[in-house]
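Note sheet for the following structure.
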RNA sequence: UGCCCGGUGGUGUAAUUGGUAACACACCAGACUCUGGUUCUGGUAUCCAAGGUUCGAGUCCUUGCCGGGCAACCA
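Numbering (my numbering), first residue to last: 12 to 575.
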């Protein structure tokens with residue numbers, strides 16, 4: 012990685028940390044955490060938060076914990092814990108021995124709750140959910156006190172004990188903070204701290220039937236772990252006064268909550284709920300469908316961890332709700348894969364080429380560079396023979412201006428092989444070219460002409476005799492509009508891109524491409540970056556297109572079309 | 001008709017904290033090239049508005065406009 016890439020630009024969070032370091036607010040410590048709820052799969056938006064929290068810890072020589080915020084057993088489970096751990100590791104971050112669970116703190120939290128009750132700062136409420144909602148008032152009008160708000164401390168203590176002991180059914184009672192039912196911030200209108208849930212927890216089993224709410228639990232988790240900077244997304248801004256209130260009333264260690272704008276990416280969605288719909292409605296093949304913005308999807312697509320980290324570094328951190336263009340992500344992917352991926356030749360839509368003056372049955376092993384960006388990657392042999400495949404779109408019988416590739420009478424280079432000149436075409440009954448005949452110049456073996464003559468273009472090719480059959484899955488944007496959720500009077504699924512997946516089953520690749528493992532990332536020269544899919548079979552690999560190469564010819568074609 | 005937060009090129013982010021707007025992506029033009037890739041060079045384009053403070057404002061103050069969030073026993 013370039014030192015330039017490593018450079019972290021300023022942001023308001025690092026400014027706050029610098030200030031705190033200057034004033035010695037946390038004795039010079041920097042300790043962050045990434046606190047996912049284990050109720051779904053991580054997506055690239057989480058990736059931003061992960062890079063932020065782990066990145067800050069790394070940069071300041073501090074620590075970052077991985078903490079599962081598992082306070083709601085009805086939605087959470089072990090399978091999510093495992094996938095989240097795998098995804099964060101894959102992204103390249105390490106929490107060492109600091110893997111924590113909010114559920115590990117349930118006893119401590121309960122003790123704190125008892126303390127607040129004793130201080131007259133919390134009470135047991137018999138109102139049901141609907142009644143509590145009615146008493147809460149509205150955004151513009153104050154709420155009303157619950158009739159149970161002024162219960163004596165002893166009674167509250169007793170009731171709380173009974174709640175914990177399982178003497179009440181779900182929803183019969185709650186523990187609430189006693190703050191202010193007329194507070195302009197709705198979060199401060201006596202928020203619920205504990206609800207009764209007779210549900211088995213994936214870690215604590217049946218030990219508990221009361222579970223803490225986010226606002227009550229989260230600050231305590233941060234406090235217990237001695238977090239210094241508790242970084243969360245913007246929608247918790249209105250919760251900060253409550254975060255502070257609990258910690259202050261308890262008189263315990265008090266981290267600083269800082270909110271930032273979560274990631275939005277054009278042409279996709281980031282909402283867990285809506286991603287679930289895509290999976291359930293069968294719009295995609297699963298959570299790891301390469302079109303999904305999930306970490307597992309991105310991984311299968313062929314995006315590298317480094318490219319994600321580079322992306323997160325470039326997008327910055329701010330409080331403004333922005334949408335990052337997909338192009339930037341793709342740029343980061345290309346930038347990394349250009350430097351790191353091995354090159355191969357593969358033909359997506361084969362067109363048969365016969366080299367008429369090449370000896371029948373002869374096979375030559377020609378040297379090809381594995382990665383021009385990395386001399387250490389070495390070279391390999393590519394077999395050349397009389398019958399080859401080239402890309403169908405690399406030949407045009409009647410070429411337009413600026414088309415440099417093969418056409419009748421024209422000479423081009425076959426990469427690492429020979430200069431060839433098109434002499435003839437064979438068409439089917441519909442007039443479609445099904446075969447191209449060429450002659451080759453034996454003096455240009457390897458791809459250089461001794462007489463110094465130039466050709467306008469170089470084509471990739473595969474020996475027909477030695478070709479490896481492959482399937483290629485071409486992925487494109489999942490949606491046709493930049494903001495699928497912002498379209499008026501329409502469901503986001505109405506904007507699914509019908510061409511987001513094109514499957515090509517009769518592709519041809521050079522033999523060396525058969526020696527790859529699932530998740531290996533390569534470049535098919537002149538086409539794009541690809542990733543070996545786990546669906547690959549021994550005799551027929553499957554390649555997912557991560558992203559195409561920048562395509563100047565496609566751009567020229569577009570311009571030419573516009574002019575017409 | 002409440003509270004909180006935000007507004008810098010097309011898109012994002014920055015500006016030595018009050019000193020004359022930069023970086024990246026995208027786009028355009030050119031150079032180089034055995035990938036129409038990579039690389040290199042150049043270019044277009046920006047402070048929401050109005051007042052105020054100041055020698056000087058993207059930065060501070062006021063007002064307005066626009067955008068986002070908040071009324072789960074979700075996180």
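Quick reminder that beta carbons are idealized off the backbone N, C-alpha and C, glycines included. Remember, it's a predicted structure, so these values are computed and weren't measured experimentally.
Please report the distance separating the alpha-carbon of residue i from that of residue j.
i, j, result
"residue 492", "residue 397", "47 Å"
"residue 311", "residue 119", "41 Å"
"residue 272", "residue 250", "15 Å"
"residue 180", "residue 208", "8 Å"
"residue 284", "residue 266", "30 Å"
"residue 519", "residue 475", "8 Å"
"residue 544", "residue 516", "14 Å"
"residue 67", "residue 555", "33 Å"
"residue 197", "residue 190", "11 Å"
"residue 89", "residue 95", "10 Å"
"residue 351", "residue 402", "25 Å"
"residue 201", "residue 31", "32 Å"
"residue 215", "residue 85", "13 Å"
"residue 530", "residue 54", "18 Å"
"residue 387", "residue 213", "48 Å"
"residue 105", "residue 328", "22 Å"
"residue 103", "residue 316", "7 Å"
"residue 551", "residue 471", "20 Å"
"residue 360", "residue 538", "12 Å"
"residue 218", "residue 540", "51 Å"
"residue 25", "residue 246", "20 Å"
"residue 423", "residue 559", "23 Å"
"residue 298", "residue 290", "7 Å"
"residue 366", "residue 439", "19 Å"
"residue 131", "residue 494", "48 Å"
"residue 129", "residue 21", "45 Å"
"residue 536", "residue 50", "41 Å"
Going by the DSSP bridge assignment, what does residue i pair with across the sheet?
i, result
"residue 69", "According to DSSP, which records beta bridges pairwise, residue 69 is partnered with nothing at all."
"residue 513", "485"
"residue 223", "205"
"residue 472", "401"
"residue 435", "448"
"residue 240", "267"
"residue 42", "74"
"residue 555", "484, 542"
"residue 490", "507"
"residue 54", "305"
"residue 422", "432"
Is residue i close to the ligand FMN? I mean its beta-carbon at under 7 Å from any heavy atom of the ligand.
i, result
"residue 301", "As far as ligands go, the structure on display features none, and thus does not contain the ligand FMN."
With 16 other CB atoms within 10 Å as the buried threshold, where does residue i fall?
i, result
"residue 566", "exposed"
"residue 158", "exposed"
"residue 528", "exposed"
"residue 523", "buried"
"residue 331", "exposed"
"residue 83", "buried"
"residue 87", "buried"
"residue 416", "buried"
"residue 167", "buried"
"residue 28", "buried"
"residue 357", "buried"
"residue 467", "exposed"
"residue 12", "In this prediction, residue 12 has a pLDDT of 33, which is less than 50 and means its spatial position is unreliable; what the coordinates show is noted afterwards. Label assigned to residue 12: exposed."
"residue 113", "buried"
"residue 15", "Any reading at residue 15 must be qualified, since the residue scores a pLDDT of 39, below 50, and its modelled position is unreliable; no value is offered."
"residue 372", "exposed"
"residue 333", "exposed"
"residue 23", "exposed"
"residue 41", "buried"
"residue 150", "exposed"
"residue 569", "exposed"
### Contact the stretch 558-574 vs the stretch 376-394: 3+ CB pairs below 8 Å
Taking 8 Å as the limit for Cβ pairs, the verdict is that the stretch 376-394 does not touch the stretch 558-574.
### Task
Would you be able to state if there are at least three C-beta pairs under 8 Å between the stretch 73-80 and the stretch 41-61?
Touching, yes, given that three or more Cβ pairs across the two stretches are closer than 8 Å.
#### Entry: Within the stretch 328-354, ranges of the alpha helix (DSSP H) (whole runs, at least 4 residues)
Counting only runs of 4 or more, we get 337-351.
### Query
Taking only runs of the alpha helix (DSSP H) that begin and end inside the stretch 143-216, which ones reach a length of at least 4 residues, in chain order?
Secondary structure remark: continuous alpha helix (DSSP H) runs of at least 4 residues inside the stretch 143-216, in chain order: 164-176.
### Message
With a threshold of 8 Å, are at least 3 pairs of Cβ atoms found where one atom belongs to the stretch 457-464 and the other to the stretch 481-489?
### Response
Short answer: they don't touch.
### Query
What are the start and end residues of each continuous alpha helix (DSSP H) run of 4 or more residues lying completely inside the stretch 364-417, in chain order?
The qualifying runs do not exist here; there are none.
### Query
Would you call the stretch 339-354 and the stretch 414-433 touching, i.e. three or more CB-CB distances under 8 Å?
Two segments are said to touch when three or more pairs of C-beta atoms, one from each, lie closer than 8 Å; by this definition the stretch 339-354 does not touch the stretch 414-433.
### Task
Could you tell me whether the stretch 492-511 touches the stretch 276-293, using the rule of 3 or more Cβ pairs below 8 Å?
The stretch 276-293 and the stretch 492-511 touch, with three or more beta-carbon pairs separated by less than 8 Å.
### Message
Suppose only complete runs of 3+ residues qualify. What are the beta strand (DSSP E) ranges in the stretch 93-148, listed by chain order?
### Response
Runs found: 110-112, 133-136.
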